[in-house]
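Engineer: Here it is, the structure in full.
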Ligand code: XIL
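Now the structure itself:
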């Protein structure tokens, strides 16, 4: 038996060495906490910026210890959107996304692809906005080039993102794709992706499907129609950008259960819990940090209660550190929506997730 003093000395020395070897310059003072991924039997993911807006592999390497210790699934927050992968009609740029794919494979992580088709103006390739040729053939080529390139590296794809109108949720969103091809572009996208990579799990991904019952119903009607006609749709991604008090947890449960009842995979694909929507507070006070903890715990346990194990595509958080969150972009007030603070320290929110995972396996 080593004597207790020498044991303590060795432990302190080791801690000091580890501290200096710590590669996470963005997360230096973080105390170690249990790994979320070790407390779940489904993928636990995080969105990482790569190659754009702003961010590259250097940012990711700076947080590598935290990322690698907590997560076993990653998604490019921006770098695999249409504009970045397909910047000109005859040009595909896979360099940044390939680096992320290498990172995933080196660290034994799943890479989820986001997203093959998205209407959003800021990321639609400019050439596509002006395209005058055969739209169906062009979109098919876009999808198939990308899916073929990443086959074997990307496990699952968001094939179509946000195709349902959010203001008038009983109709499809008026996008360029809808204008050119009608609603058929959605099923065509799934068919094209499946042909190019038959092993990939194919998701439809959207927001407010847990909070707007008519949007959920419109999506379920689409799902039912696709299932009747054997369109290769395998799962639904609930973005789940929510706040501490809305939507009601019962509503979230109903939505998750409705999709699970259809036998599909269910992902919570972009989880964050905004704190500062109503009150414009300058800092995160302990009382609201606790409310956020409870909210995260409830969402995780509701997912576990509502989705059978074989259908759990996993939970992905939309960013690592609070300061990275997209919710801070162009906002005149701060927010603290994620699990780790700006130094990589686990917040009460993190412990809420951990509790939710432990309570309801
Ligand atoms: C966001 C990114 O987080 C931002 O960095 C970017 O400027 C805009 O897009 N729904 C989605 C994601 O499907 O792709 C969005 O990501 C957030 C909302």
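Numbering (this note's numbering), first residue to last: 872 to 1232. By construction, the Cβ of each residue, glycine as well, lies at the ideal position given by its N, Cα and C atoms.
Over what stretch of residues does the beta strand (DSSP E) that includes residue 865 continue unbroken?
Structural biologist: An answer regarding residue 865 cannot be provided, because it is not within the stretch 872 to 1232 covered by the chain.
Engineer: Looking only at its chain, what residues have a beta carbon closer than 6 Å to the beta carbon of residue 1102, apart from the 5 residues adjacent to it on each side?
Structural biologist: What you label residue 1102 is simply residue 231 of the chain shown in a count that begins at 1. These residues qualify, in order along the chain: 1058, 1061.
Engineer: Of the choices 1172, 1162, 973, 1031, whose alpha-carbon is the least far from that of residue 990?
Structural biologist: Residue 990 sits at position 119 when you count from the first residue of the chain shown. Nearest of 1172, 1162, 973, 1031 to residue 990, Cα basis: 1031.
Engineer: Should residue 1032 be listed as close to the ligand XIL, given that the test is whether its C-beta is under 6 Å from any heavy atom?
Structural biologist: Mapped onto the chain shown, residue 1032 falls at position 161. True, at least one ligand heavy atom lies under 6 Å from that Cβ.
Engineer: Give the single residue among 909, 984, 913 whose Cα lies nearest to the Cα of residue 826.
Structural biologist: Residue 826 lies beyond the range of the chain shown here (872 to 1232); nothing can be said about it.
Engineer: Check whether the Cβ of residue 1079 sits closer than 6 Å to any heavy atom of the ligand XIL, and report yes or no.
Structural biologist: The residue you call residue 1079 lines up with position 208 of the chain shown. Not a single heavy atom of the ligand XIL lies less than 6 Å from the C-beta of residue 1079.
Engineer: Measuring from the CB of residue 1226, is there a heavy atom of the ligand XIL at a distance below 6 Å?
Structural biologist: As a working note, residue 1226 is residue 355 in the chain shown. No, the Cβ of residue 1226 stays beyond 6 Å of every heavy atom of the ligand XIL.
Engineer: Using three-state DSSP, classify residue 1136 as helix, strand or coil.
Structural biologist: Taking the chain shown and counting its residues from 1, the one referred to as residue 1136 is at position 265. Three-state DSSP puts residue 1136 in a strand.
Engineer: Return the first residue and the last residue of the beta strand (DSSP E) that residue 963 is part of.
Structural biologist: Numbered from 1 along the chain shown, position 92 holds the residue referred to as residue 963. Note, residue 963: premise wrong, no beta strand (DSSP E); not H, not E.
Engineer: With DSSP as the reference, label residue 1013 as helix, strand or coil.
Structural biologist: To locate residue 1013, count along the chain shown from 1; it is residue 142. The answer is helix: DSSP assigns residue 1013 an H, G or I state.
Engineer: Which residue's Cα is closest to the Cα of residue 1003: 1226, 1051, 1143?
Structural biologist: Counted from its first residue, the chain shown places residue 1003 at position 132. Checked all of 1226, 1051, 1143; the closest Cα to residue 1003 is 1051.
Engineer: Taking only three categories from DSSP, how would you classify residue 1221?
Structural biologist: To locate residue 1221, count along the chain shown from 1; it is residue 350. Note: residue 1221 maps to helix in three-state DSSP.
Engineer: Between which two residues does the alpha helix (DSSP H) carrying residue 1051 extend?
Structural biologist: As a first step, residue 1051 is located in the chain shown; it is residue number 180 there, counting from the start. Segment 1047-1052, the alpha helix (DSSP H) holding residue 1051.
Engineer: I'd like to confirm something about residue 949: is its beta-carbon nearer than 6 Å to some heavy atom of the ligand XIL, or not?
Structural biologist: The count along the chain shown starts at 1 and reaches residue 949 at position 78. Flag set: Cβ of residue 949 near the ligand XIL.
Engineer: If residue 1174 and residue 1224 are in contact, beta carbons under 8 Å, what's the gap, nearest whole angstrom?
Structural biologist: Taking the chain shown and counting its residues from 1, the one referred to as residue 1174 is at position 303. Taking the chain shown and counting its residues from 1, the one referred to as residue 1224 is at position 353. With a Cβ gap of about 11 Å, residue 1174 and residue 1224 do not count as contacting.
Engineer: Are the region 1036-1047 and the region 1083-1095 touching by the rule of at least three beta carbon pairs closer than 8 Å?
Structural biologist: Of all C-beta pairs linking the region 1036-1047 to the region 1083-1095, three or more are shorter than 8 Å, placing the two stretches in contact.
Engineer: In or out: residue 1163 buried (at least 16 other Cβ within 10 Å) or exposed?
Structural biologist: Along the chain shown, read from residue 1 onward, the residue named residue 1163 stands at position 292. Flag for residue 1163 reads buried.
Engineer: Using 8 Å for Cβ pairs, my map puts residue 1183 next to residue 1130. What's the rounded Cβ distance?
Structural biologist: Counting from 1 along the chain shown, the entry for residue 1183 is found at position 312. Counting from 1 along the chain shown, the entry for residue 1130 is found at position 259. 12 Å between Cβ atoms; not a contact.
Engineer: Return yes when at least one heavy atom of the ligand XIL lies under 6 Å from the C-beta of residue 1028, else no.
Structural biologist: As a position in the chain shown, residue 1028 is number 157, starting the count at 1. No, the ligand XIL has no heavy atom inside 6 Å of this Cβ.
Engineer: To the nearest whole angstrom, what separates the beta carbons of residue 952 and residue 994, a pair I think is in contact under 8 Å?
Structural biologist: Here the question's residue 952 lines up with position 81 in the chain shown. Here the question's residue 994 lines up with position 123 in the chain shown. In this structure, residue 952 and residue 994 form a Cβ contact; the two beta carbons are roughly 5 Å apart against a cut-off of 8 Å.
Engineer: Need the endpoints of the beta strand (DSSP E) that residue 1028 sits in, please.
Structural biologist: Here residue 1028 is taken as the residue at index 157 of the chain shown, counted from 1. It spans 1025-1032 - the beta strand (DSSP E) in which residue 1028 sits, taken as one unbroken run.
Engineer: Thinking just about the alpha-carbon of each residue, which of 919, 1155, 964, 1160 is nearest to the one in residue 996?
Structural biologist: For this step, residue 996 is matched to residue 125 along the chain shown. Among 919, 1155, 964, 1160, the Cα nearest to that of residue 996 belongs to 964.
Engineer: Alpha carbons only, please: which of 1005, 979, 1104 is nearest the one belonging to residue 1133?
Structural biologist: Your numbering for residue 1133 matches position 262 in the chain shown. Ranking 1005, 979, 1104 by Cα distance to residue 1133 puts 1104 first.
Engineer: Is DSSP giving residue 1199 helix, strand or coil here?
Structural biologist: Along the chain shown, read from residue 1 onward, the residue named residue 1199 stands at position 328. Of the three classes helix, strand and coil, the one that applies to residue 1199 here is helix, per DSSP.
Engineer: At a cut-off of 6 Å, would you count residue 998 as near the ligand XIL, judging by its Cβ distance to the nearest heavy atom?
Structural biologist: Here residue 998 corresponds to residue number 127 of the chain shown, with the count starting at 1. It does not: the Cβ of residue 998 is nowhere closer than 6 Å to a heavy atom of the ligand XIL.
Engineer: Looking at the structure shown, is residue 1147 part of a helix, part of a strand, or coil, going by DSSP?
Structural biologist: The sequence position of residue 1147 within the chain shown is 276, counting from 1. The answer is coil: DSSP assigns residue 1147 none of H, G, I, E or B.
Engineer: Any chance the region 965-972 sits against the region 900-915, with 3 or more Cβ pairs inside 8 Å?
Structural biologist: Short answer: they don't touch.
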